[in-house]
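Okay, so here's the structure we're looking at.
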Amino acid sequence: MELILEDEKQENGFEKCPYEHALYMKEETDGSQLYVCLYVDDLIFTGNNPAMFETFKKTMFQEFEMTDIGLMSHFLGIEVTQSEEGIFISQSRYATEILKKYGMETCNPMTTPVDSGLELKKSDTGNVDPTYFKSLVGIAAASIASIWEIGKCIWVPIATRINYARKLKNNWEALCKKASVLRSKKDDIVVEIERFRLQKTPTQECVYWRNEVAEMENNVATLEQEFNVGKKCIWGLCPDIFERIKLGKLVVNMITKTDLLIEKKFENGFLIDLPPARVESRPEPPSTLSSSAHRTLAMVLNKLQDESTQKIGIWGMGGVGKTTILDLLNKSHEAETYFDFVIWVTVSNSWSIRKLQNEVGKRLKIEIDANDSDGIIAGKLLERLKGKKYLLLLDDVWDEVDLRVVGFPNANQQNGCKVVLTTRKKEVCRKMETDAEVPVSVLPNDEAWEMFSSGVGHVSTLSTVKTYARDIVSECDGLPLALKVVCGALRKEENVCVWKNFLRELRSPATSVIGDLNDKVFKVLKVSYDQLKNTEEKKCLLFCGLYPEDDMIEKSRLIGYWRAERIFSSKLTLEQALDKGEAILQALIDASLLEKCVKDDFVKMHDVVRDMVLAITSLQGEEPTHLVQAGISSEIIPEEVEWKNAIRISFINHDLRRLPESPDCPELLTLLLQGNNNLMVIPETFFNNMPSLRVLDLSDTCIKSLPTSISKLDGLRELVLLDCENLEALPEEISALKELEVLYVGQSKLDIRSRGMKSKELIIPVGMIRGIPHIEVIELTSRLSDDSTEIIAKELSNLGSLSSLVFDFRMVGNLQHFLQNSIPWKETRLMQFVFLAGKCPHELYRHYLWFLEDSKKCERFLGYEGGGEERDNGLPPAIKDALIRSNGFLLCGHEKLKTLSELGTQNTDELRYCQILECVALETIVNRNGLEMSAFSNLEVLFLNELSNLKSILCLEMEEGQSSSPPPPPPLNVNSFTNLTSLSVCNCPLIEHLFSSGFMLQQMSNLKELTIELCLGLKGMIPEDEKVEYEALPKLSSLVLGGLFEFVNLFEGVPTCWQSLDHVIILDTPKLRKLPFDTNSAPNLKGIRCNDQEWWDALEWDNHAAKLQLLED
């Protein structure tokens, strides 16, 4: 029989009691319980669900010949009486038999087993029978023992239940402390996840752990409400003691579960590398490509499919379109289909093994230690590429590159790997041992004319222009880059004199050293440069040549350099200068002398255009001299004569380790030394002879201090010290820089994702900031002490020329002092700012490493971390005053705010970007009052995270005291959320439907990006009974769902339009059974990424072909 119960234990959930091995227990999820006690061949059982009794008896009858004798009346000498009043157990029959046996049946009952007044003395009756006496004593002891054991069995569970109620307060406090510890552990893990979110992703183990933590936090929040009700008990007397016992038990159980979550060890870590994308995103090739480009691509693809061809060389002169062919190949279906990885590497003329390894490592998401040797890094690359079929695209190769030394497995027929390279010289193809060479020829005359005519517009057909136009095309020799640049110079130009002059200059001899540059290309580029409308545009273009080849140039920083050099008028305000710079950049892009990048904040220069710029700014060139060794890894310092003649010097990413003691640079305007990680010391006299210096950039170097000779730079206007991790203090001598207008110190927005915050505090001398009277732009993101922060805040408030400020005020009082005393703020001349204030806002850098980058996307950004010190549901006055002018806002840790409508519509009118984090009281973003006032009418981006009490984003219900049932229809002509394009909702467990109404769905019809993660209570996008008569989210292009374990409805039954949708990720959403889109309804959808093949296989599809086509590998 015990074996049967053991089987029941395995199959049906019975557990054997560890303290009483004859007792078996079973508990169902609904609270039903069954207890079975086995004694030889007898069974007794009890519980709280009669249905379980019947099921158990049926099982036993099938296995044994048994008799059900009904309710228990006797068991092991114990009598059991069961009635409606309860269960009574006794041993009365056994006790009566004992009394008869020893002649005591006529004795009177006593409350004590011994007469308290009896005097004991020696008996005169003779010896006592010891056996008889021992038997009597043993029977009495056994009877008492039975009663004691029964009492214990009864008292232990009673005491436990009493303690649940009695110790509720202490246990609740213990749970809160443990929950706080658990939250800290979770926050630390989230910090790491955020820090590496571009390179790594959490393990499934970590995802489940975070889900359990989120569920635990949700349960604690629910219990807190019940506990607060329980606190209303007076002197321990509660209206329902059983509810208090139940609550106490839940608290104890949650303490146990919390301990387990705290003690959780991730043996193999909680982050794993994100799989590299199969194909790297690059700028789209021009839409109007020549037929020749497509023919050349077809030749390359044909050779690529030949199993005997492993290496292909594409060669031709600079500007002929080789990179365009490689771009087309990178985007081709064949590349995306046949290979595990398509790896693009720009080699350039200044290549090195380490540079190539760094680029490949970044592409494959491999961490490379700067201290590792080339051989060790090559081993890491080989290991990552082991067993993978790669296509390596090497652009702009100038000499032989040993790919084995870099770390690439040898491409052969067995592994299916291929290499395609571009070069200007066929000789390089021979050195690289290519199996096939594909020459890229110039365009035929008809294609060249077609490209030119399309580029310049209708003017090419004018009778007065056409002859000159054809001659100019002839001079371009069919070179696509030359044609493109000429089109930029002459687009829509109807003045025939301009055409005649352009042609004449094309035919004149070159006056600068050309070097490797094709003579025809150089002439076209040079004439196009000469055709630029003014000297400002020319100087700006030449300045771009200071950057390394193929480098992405940050526009705002570039314009800042131009402004400091006074390339355009000093009378322009900062805002006007930025507008002017943007206009010049656009003009250079339109002239095809600069190119756009994937990121709008950057531009780049074609390597052939850069060659032209370097030629005309060399010592032999006709323009002012530049000394440029950017991107060239070398420890060699140029000769002093080169320093002396230069007006601009660039050693960006040069691997400089030392500088000359005191170079003579009388004409030097700009010195760019950023990116030299091994530069640790600047000689004390280094700046002695640079009287004209206007721009100095020392970012991303390892200097600890600045030399005192920096005081000699009395004309310096811009000083950049970003990402100088070892910088300990700023010298007092900086206050001698009376012309300084721009000062950057701290973390850059470019590196904030991959670099941690500096732990030590930067020392800034008292009075230094105040001593720079003309300072206009200050970005100070280094960690400062509280005292230093207060002093600097006061000094900042005394500056009369400030137009841009990034600063962490820490205390709200410091911000209040600045707002009350700063004249630029009062006169609204402070046009750009990032203000941080509150409990510990600087920790935002550590917790949210995307914060600094995102904040600078807004011209005016405010970050505030509350601490519960607010007197009401609102914000401190200083925060409100700053918020009115902000178009970006981050609110973190506010403990009282229930709806963002309470901020006031006037405070949110300017907002374009809003992040709300960890506000525990927040229940809705906009309530009906806020809706009627059109709150957040201009908001474009909304990010919601860790809002444990958030139930809705837009609530149409009336406020308390204004209730009406049903609620009135939504107000007409309101603009809340009508400009929203991006919405992200994470870790909000109480939201059941993202869109609480069809009205809200309509308000957000401009939404383009939607991300929902770890919202454990989310059931669907919109309630099933909500009627929607228009297409939902017609402009949505990106949809990400993750960790939604109760989510079942993705717009099912709602009219939808997915014409713009091209990016979908669905992870850990097990209950979702049907997707509302396929290849017909979402024609631009490239694929759907998921992490559960079983879930994908179980999806219901109306179009089975779409299921096969849309799954991403």
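The UniProt record's numbering applies: residue 1 is where the sequence shown begins, and numbers increase by one.
Note that beta-carbon positions come from the ideal geometry of N, C-alpha and C, so glycine has one too.
Note that the structure is predicted; figures quoted are calculated from it, not measured.
Cβ-Cβ separation, residue j to residue i (assumed contact under 8 Å), whole Å
i: V485; j: V440; result: Wrong, their Cβ atoms sit about 18 Å apart, outside the cutoff.
i: L421; j: L394; result: 4 Å
i: P276; j: F341; result: 6 Å
i: L588; j: L541; result: 6 Å
i: E776; j: V742; result: 7 Å
i: E632; j: H654; result: First, the residue type needs correcting, since residue 632 is Ile and not Glu in the sequence shown. The pair is a contact, with the Cβ atoms about 6 Å apart (cut-off 8 Å).
i: K738; j: H774; result: 7 Å
i: L954; j: S937; result: Their Cβ separation, rounded to whole angstroms, is 13 Å, which puts L954 and S937 out of contact at 8 Å.
i: V1028; j: V1064; result: With 8 Å as the limit, V1028 and V1064 do not qualify as a contact, their Cβ atoms being about 21 Å apart.
i: L271; j: E192; result: 7 Å
Span of the alpha helix (DSSP H) around residue i
i: L297; result: S291 to L304
i: V812; result: V812 to N821
i: L99; result: S92 to K101
i: L780; result: Premise fails: L780 lies in the beta strand (DSSP E), V777 to L780, not in any alpha helix (DSSP H).
i: M25; result: Careful: M25 lies outside any alpha helix (DSSP H), inside the beta strand (DSSP E) at L23 to E27.
i: I991; result: Note, I991: premise wrong, no alpha helix (DSSP H); not H, not E.
Distance, residue j Cα to residue i Cα
i: V347; j: V438; result: 19 Å
i: N814; j: I791; result: 9 Å
i: G545; j: K555; result: 14 Å
i: S292; j: S460; result: 22 Å
i: M612; j: W351; result: 20 Å
i: E367; j: L391; result: 21 Å
i: L34; j: M25; result: 6 Å
i: D504; j: M299; result: Reading the sequence as shown, one finds Arg at residue 504 and not Asp. Distance between the alpha carbons of R504 and M299 is about 38 Å.
i: L99; j: L71; result: 29 Å
i: L1010; j: I769; result: 44 Å
i: F14; j: G248; result: 25 Å
i: G316; j: L385; result: 30 Å
i: L614; j: D519; result: 15 Å
i: V695; j: W643; result: 16 Å
i: Q414; j: E336; result: 20 Å
i: W398; j: P765; result: 50 Å
i: I1012; j: C988; result: 9 Å
i: Y845; j: A793; result: Its pLDDT being 48, under 50, Y845 is placed unreliably in this model, and the value from its coordinates should be taken loosely. Cα-Cα distance, rounded: 19 Å.
i: S901; j: Q1003; result: 17 Å
Range of the contiguous beta strand (DSSP E) that encloses residue i
i: residue 1170; result: No answer is possible for residue 1170: it lies beyond the span of the chain, which begins at 1 and ends at 1113.
i: Y390; result: Y390 to V397
i: N945; result: V941 to N945
i: S83; result: I78 to S83
i: Y913; result: Y913 to L917
i: K200; result: K200 to P202
i: T55; result: Careful: T55 lies outside any beta strand (DSSP E), inside the alpha helix (DSSP H) at P50 to E63.
i: R504; result: Unbroken run through R504 is the alpha helix (DSSP H), V496 to R507; no beta strand (DSSP E).
Proximity winner among the options, relative to residue i (alpha-carbon distances)
i: V812; options: P824, L762, D786 and I879; result: I879
i: R657; options: Q413, G866, D700 and P624; result: D700
i: L1016; options: S996, M1000, G560 and I991; result: I991
i: G560; options: T467, T685 and E575; result: E575
i: E549; options: L585, R566, V603 and Y529; result: V603
i: S290; options: E739, F452, A837 and A95; result: F452
i: L1061; options: W1095, A1032, N973 and V419; result: A1032
i: Q747; options: E718, K539, R717 and E779; result: E779
i: A1106; options: Q1093, N1080, W1095 and C1090; result: N1080
i: N973; options: E932, S952 and N979; result: E932
Given 8 Å, three or more beta-carbon pairs between the stretch 593-602 and the stretch 568-577 | no
Is it true that the stretch 937-957 meets the stretch 965-983, where meeting means three or more beta-carbon pairs spaced less than 8 Å apart?
-> yes
At least three beta-carbon pairs within less than 8 Å, the stretch 364-383 to the stretch 298-311 = no
Evaluate contact between the stretch 664-671 and the stretch 685-702, counting only Cβ atoms and requiring at least three cross-stretch pairs below 8 Å.
-> yes
Touch check for the stretch 444-455 and the stretch 324-342: three-plus C-beta pairs under 8 Å?
-> no
Can we say the stretch 707-716 touches the stretch 730-737, given the rule of at least three CB pairs closer than 8 Å?
-> yes
Using 8 Å as the Cβ pair cut-off and three pairs as the minimum, do the stretch 422-436 and the stretch 449-469 touch?
-> no
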